[in-house]
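S.K.:
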Ligand SMILES: Cc1ncc(COP(=O)(O)O)c(C=O)c1O
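Numbering (our numbering), first residue to last: 113 to 492.
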């Protein structure tokens, strides 16, 4: 079956007890036993599992092409579960421009449990190799990176990881399995903030972890049920509904993203545009090879913080807000919002200036998005 068919049907079969085409939200914390030791319908308690979660996990595993998937209360909860595959003394090499929350989780929390982290430029395999230590157990990449849209060659990273027998984890949040196929390129684990494109409607927070190896799947499920960060029935229902339109949404996001990036690139008030779909992007060719489309995340620099502030205070259709990947255009200033937890010297090194604006282009009429940006740029 094709991607869109799977997104609509896998895990989304009519409810066997009523025939409802859309399965109900099983809003119950507990399930009755048939007799001692035998749960009636295979479920006992909603922390450990419930039908809406099971359905969503089947869809997500199918769409990413994994052996199994587990869904969590947020992208961060899923990423945390992945790091819990490690043991004290283990070392992880990560993309230096990762999402700020991953930076915070690793450098301010997980280091206290004996894990070691090195943040390097994963766009260069030689740099990644140089960062490896005898105790390196995991390579964690985000591609494209948030917010600077740098691209890491997933197949090259998989080769490197396999040679050293370490685990390659790819954060596929910006692309979704519709635009990028990390597992086919050799990734062992894929993570998502499903709060973003996977759900697509900015009405639920969620995360997923997709595994290719049964032994990893067992451990991730053990963490999900033990630590209790499995996604709730209502949120699973919302993400399942969002996923049904993933293919059409991503096609429109691509088209709108490209049109807006070209427009900004030609605008005299915009200093620099970061977007993999532009020929000026340093990894445009790699993006074309690795991604099915350029996506709809754009970063652009307005030169100074005051200009960025005036611009952001004037946008009307684009909402000044955290998050991304919704049907509505969302705009932010990473240095003060999503990446505020990253030290300034690290932000400077990875190109997150105080005037870098991040735009998640929605699927509104593209002319309306462009005229909104144009009127706000008058204040720059
Ligand atoms: C690329 C990326 N990964 C992970 C996360 C964390 O996801 P969540 O906010 O759902 O915990 C985010 C959040 O913005 C993100 O942008």
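Note that the Cβ used here is the ideal one computed from N, Cα and C, for glycine as well.
Since the model is a prediction, treat every value here as computed from it, not as a measurement.
Run through DSSP, which three-state label would residue 314 get?
M.R.: Three-state DSSP puts residue 314 in coil, outside helix and strand.
S.K.: With respect to 8 Å, is the separation between the Cβ of residue 283 and the closest non-hydrogen atom of ligand 1 below this value?
M.R.: Because some heavy atom of ligand 1 lies under 8 Å away, the Cβ of residue 283 counts as near it: yes.
S.K.: Do the stretch 294-305 and the stretch 183-191 meet, that is, are 3 or more Cβ pairs less than 8 Å apart?
M.R.: Verdict: yes, contact present.
S.K.: For residue 286, name the three-state secondary structure that DSSP assigns.
M.R.: Three-state result, residue 286: coil.
S.K.: With a CB to CB cut of under 7 Å and the five nearest residues on each side skipped, what residues in its chain are close to residue 437?
M.R.: 308, 309, 312, 472, listed in sequence order.
S.K.: Which of the three DSSP states is assigned to residue 121 in this structure?
M.R.: Residue state, collapsed to three classes: helix.
S.K.: Could you check if residue 134 is buried or exposed, using at least 16 other CB atoms within 10 Å of its CB as the buried criterion?
M.R.: It counts as exposed.
S.K.: Between residue 395 and residue 406, how many whole angstroms is the CB-CB distance? I'm expecting something under 8 Å.
M.R.: Their Cβ separation, rounded to whole angstroms, is 11 Å, which puts residue 395 and residue 406 out of contact at 8 Å.
S.K.: Three-state secondary structure (DSSP) at residue 473?
M.R.: Residue 473 falls in the coil class under three-state DSSP.
S.K.: Please report the distance separating the alpha-carbon of residue 425 from that of residue 432.
M.R.: Distance between the alpha carbons of residue 425 and residue 432 is about 8 Å.
S.K.: Which residues bound the beta strand (DSSP E) around residue 385?
M.R.: Unbroken beta strand (DSSP E) run through residue 385: 384-386.
S.K.: Can you grab the Cα-Cα spacing for the pair residue 333 / residue 273, in whole Å?
M.R.: Spanning the two alpha carbons is a distance of roughly 24 Å.
S.K.: So does the stretch 203-210 actually touch the stretch 161-178, counting three or more Cβ pairs closer than 8 Å?
M.R.: Contact between the stretch 203-210 and the stretch 161-178 is absent, because fewer than three Cβ pairs lie under 8 Å.
S.K.: For a minimum of 3 consecutive residues, which ranges assigned as the beta strand (DSSP E) are wholly contained in the stretch 182-267?
M.R.: Entirely contained in the stretch 182-267, the beta strand (DSSP E) runs reaching 3 residues are, in chain order, 203-207, 228-232, 248-254.
S.K.: For the alpha helix (DSSP H) containing residue 333, name the first residue and the last one.
M.R.: That run of the alpha helix (DSSP H) goes 326-335.
S.K.: State buried or exposed for residue 362, treating a residue as buried only when at least 16 other CB atoms are found within 10 Å of its CB.
M.R.: Burial call: buried.
S.K.: Only counting runs of 3 or more residues, tell me where the beta strand (DSSP E) segments fall wholly within the stretch 364-442, in order along the chain.
M.R.: List check, beta strand (DSSP E) in window: 384-386, 409-413.
S.K.: Where does residue 158 fall in DSSP's three states?
M.R.: It is coil, neither helix nor strand.
S.K.: How should residue 416 be labelled, buried or exposed, when 16 other C-beta atoms within 10 angstroms of its C-beta is the threshold for buried?
M.R.: Classification of residue 416: exposed, given that the 10 Å Cβ count is below 16.
S.K.: Terminal residues of the continuous alpha helix (DSSP H) containing residue 462?
M.R.: Where residue 462 is concerned, the enclosing alpha helix (DSSP H) stretches over 456-462.
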